[in-house]
Every structure is written in C-alpha cells, then in structure tokens.
Amino acid sequence: MMMIRINLYLLVITLLSGCSMPSKIIENGTAKSKKVTKIEKVEKTEKVVVLEKPVLHLEKVFVPAKGPVWKKTLSQTKVVSKFCKKIDRKFHHWGWGKSRCKNIKWNNVRTSHLGDPLIWTVYGDESTQKENPKDMTLILCGVHGDEITPIKFCFDIIHHLEKISKGHLPGFEELKGKLVAVAPIVTPDSFFKRRPTRTNARGVDVNRNFPTRDWKKSALKLWKKRYRKDKRRYPGKKSLSEQETIFQVNLIKRYIPTKIISVHAPLTIIDYDGPEFHDHKSTNSIQSMIAPNAKQLLVQMSKKANGYRIKNYPFFPGSLGNYAGNERKIPTYTLELPTADNRKHKKYWSRFKDAIHSAILHDMHKDIEVAKVIKEKKSKVSTN
Ligand SMILES: [Zn+2]
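Numbering (our numbering), first residue to last: 6 to 389.
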C-alpha cells in the first residue's frame, strides 16, 4: 500500500513540477532507504500523499572477506602429508586442478589394507555432539574407487565449506549451528590403482559389507545366486571385515548424523533410504517428524539440480542404505552422478552445488507443515 502511495505521489510531483525529484535514495551498502520529504507548496488540489517517515527496504548484501581463502599449509601427520602428495598427483593426472589437500584439516584414525590413511574433515563444533546433538550431515565419496567423479565432487564440497567458513561465500551464519563431516576417499586402495576398481584391495565391495541384520542369512547367498559370483559385488567372508566399512560405521557412531549423503556414479538418480514417508502418522514422534522432512529435502535436492531424477533403488544386504537408512532410520541419500568421466567434474559441481548446499543447511528436526508434504507425495514428484 505504501509503495503505491509513494508511486502515486511521485507521479503527481513529476506531473506538477517537471523538475528534479524530491525523493532521496540513500544507499549505505546494506540497506536502501527511500525518503520522501514534505512538500511545502502544491499548486493544484490533486491527491498528494505526504510521508514523514522514511520507508526502509532492508536487503542483506553479502560482502565477501578479503584475502586468499587458502592462507597456510597445515601441519599434517607424516602419513597424511604423504597421502596429500599422492592425491595431488592424481588430481593432476585427471586434470582436476589443485586439491588443496595440504590446506585442509584432516582427521585420521585407521588406514586401508595397503596403508593409506582413511581421512575425513569436520566443519562445526563436535565437542558437544554426544550430549547435545546438532543437525549433522555426513558426506561420503569414493566408496567405489572406480567412480572417480564423486571423489573430486567431495573435494569441491570441502572447498565450498572452506569458502563459507572463511567468509568468502554467504552462509556463515547458517552453517554455524551445523556439523558437517566429509570423507572424500573412503576406499583409497581402489582409487589409486592404475586402473581403479569398484572393490577394495581385498576384493570386497565395501557397500555390501555393512553389518546389516540380513547379512548372515542373505549376503553371500544373493551374491552367489543373483549375481553369479560377480567379483565386483563380493560382500566379503563376513560383515564388517573391511577397514573401509569399519571407518564408515565409526563415523556414523561418532557423529550421530541426521542425514547421510553418499555420492556414487553413474546411475543419474537420487535414491533415498530411511524413515518412510507414509509413516507420518507413526506413534514414534521422531520418525513422524523426520519422514516429511526427509521427503522435503529429497524433492528440494532434485529441484535444485534441475529436476534430477528421484528413484527408489532397492537396498541390499550389507549396503549403507540398509544399515543407516533402513535399520537406523537415518535419512540416507545416494546421489548417483551421471558418469565417472573425469572431464565432467566442473559440470557436476555446478549442477549439484545448490542441492548439496541446501542439504547441509536443511534442519532434519525442524517442524514443517506436514500437510503440504503429504499433498506433494500424491503428486508426480514422489518416488517411484
Ligand atoms: Zn557406487
């Protein structure tokens, strides 16, 4: 209403005087203020609106921090430092530019079968996570070493988070209350092979080795019958037999994630495992809150990536989707990039950047309008 009034007023003044505009536009970098001063003389008795107070239009303008993002080389353990050099060489080989590995603060507890460190980095304060858990996102890449674009993708996520946390990109305030952990190369032994493989150095498919309840009964049986002993899908002699599986299970136990994003290639879908959306009437209050939230995020991620296809891919004995999503009810999103083509890395990051950014900031426990989500479920966007 006020805007209409001002415009009317400006129109009248322009018509009457034909001279310079009496209104002032003050710009101070963060807020725009339109001030309309009182008019002393009005010759015609037209409708003139006189406003005493300025109308404020507050718009936050992001001012990026000055100086370089990567200020110093961090001191790393010997094993991590050596590993970073190895990563740099691979980045050069695949034409990916700088990994910035030596500028990133890595955590490392265990090593792979061939001795490479299993590394991850954390954004946010994890010291109170056990007593007072925050919204937490766990991002995993390189579970299958031959899917190489996801590995570069995780480094892109890390670079993005570094830029936000150093004030070079907007989102610092929103990120403050979050906890994010990124493990960019879960299975290094396969990634660093001259010809990368899906399975790890011991020939195990790490995404079939999680200790799910159906593992003993079905994992090997399914592998023998349905997959005819396909070497690429060998689940191991027993569950949790691999360092890379223990690594992921421990990350889940340590951080209690509210959502997990595991990046693979090349199925060109987003798959979801976790609390089911039709459980919204569930008596379990946490589940009834998480399910619509998880659904909302799934649809949102798809939309932000130009309508990326959502597909309900089945989970398997020993898979992460089964272990975390199905059994532990942690919303687990498997983002399958379109290819493992090393040349497409920039294209993938630009397509999925917003989806990842919004996923990290999406609060899984916030109270949302459930009715809206259920309505959406009936529409075509739902999983099929
Ligand atoms: Zn995969």
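From the three backbone atoms N, C-alpha and C, an ideal C-beta is built for every residue, glycine too.
- Item | L143 versus R233 - alpha carbon distance | 33 Å
- I169, DSSP secondary structure in three states: helix
- Thinking C-alpha only, which one of V187, L227, R237 and T78 is nearest T204? R237
- Item | Residue(s) in a DSSP beta bridge with N113 | I124
- Task: Quickly, what does DSSP pair V185 with across the bridge? List them, please.
- Result: Beta-bridge analysis with DSSP links V185 to Y128 and T142.
- Find the nearest neighbour of P319 within the set I275, E247 and Y260, judged by alpha-carbon distance. I275
- Item | Same chain, Cβ closer than 6 Å to V191, neighbours up to 5 away in sequence not counted | Cβ contact annotation for V191 (same chain, cutoff 6 Å, sequence separation greater than five): L145, G147, V148 and E249, in chain order.
- Go through the stretch 245 to 304 residue by residue and report every complete run of the alpha helix (DSSP H) that reaches 4 residues or more, in order. Counting only runs of at least 4 residues, the stretch 245 to 304 fully encloses the following alpha helix (DSSP H) elements, listed from N- to C-terminal order: 248 to 260.
- Message: With the cut-off set at 7 Å, would you say F215 and L325 are in Cβ contact?
- Response: In contact: F215 and L325 (Cβ atoms closer than 7 Å).
- Cβ neighbours of Q81 in the same chain (closer than 8 Å, five flanking residues each side left out): Only residues of its own chain outside the window of five on either side were considered, and among them C89, K107 and W111 have a CB closer than 8 Å to the CB of Q81, listed in chain order.
- Return the chain-ordered list of same chain residues with a C-beta closer than 7 Å to the C-beta of G102, the five sequence neighbours on each side being excluded. F96
- Just to confirm, does E152 get its C-beta within under 6 Å of one of the non-hydrogen atoms of ligand 1? yes
- How would you write the range of the alpha helix (DSSP H) that L366 sits in, first residue to last? H350 to L366
- Which residues bound the alpha helix (DSSP H) around L79? Per DSSP, L79 belongs to no alpha helix (DSSP H) and is neither H nor E.
- Task: Whole angstroms is fine: what's the gap from E178's alpha carbon to E247's?
- Result: C-alpha separation (whole angstroms): 39 Å.
- Pairwise C-alpha distance: R94 and M294: If I take the Cα positions, the gap works out to 45 Å.
- Item | Supposed contact pair I163 and I109 - C-beta distance, whole angstroms, cut 8 Å | Between I163 and I109 the Cβ distance is about 6 Å, and since that is below 8 Å, they are a contact.
- Task: List the whole-angstrom C-beta distance separating K308 from F282, where the pair is believed to meet the contact cut-off of C-beta under 8 Å.
- Result: So it is not a contact: roughly 17 Å between Cβ atoms.
- Query: Ordered along the chain, which non-local residues of its own chain (more than five positions away) have a Cβ less than 8 Å from that of R333?
  - Reply: Same-chain partners within the cutoff: I257.
- Task: State yes or no: is the C-beta of D219 within less than 7 Å of the C-beta of P322?
- Result: For D219 and P322, yes; Cβs fall inside 7 Å.
- Item | Rounded straight-line distance, which links the Cα of T344 to that of S244 | 29 Å
- A36 to E341 span [Cα, whole Å]: Only weak support is given to the placement of A36: the predicted model assigns it a pLDDT of 39, under 50, and the value that follows is read from those uncertain coordinates. Looking at the two C-alpha atoms, the distance is approximately 42 Å.
- Looking at the structure shown, is E341 part of a helix, part of a strand, or coil, going by DSSP? Reduced to three states, the DSSP call for E341 is strand.
- Query: When we look at the beta-carbon of G241 and count the other beta-carbons within 10 Å, is it buried (16 or more) or exposed?
  - Reply: Label assigned to G241: buried.
- Message: Quick check on this structure: which residue in H350, K183 and G279 has the alpha carbon closest to the alpha carbon of H362?
- Response: K183
- Query: Are A188 and V127 closer than 7 Å when you measure CB to CB?
  - Reply: The answer is no: Cβ separation not under 7 Å.
- Item | Among V68, Y353, T154 and K371, the one whose alpha carbon lies nearest that of P297 | Comparing Cα-Cα distances from P297 to each of V68, Y353, T154 and K371, the minimum goes to K371.
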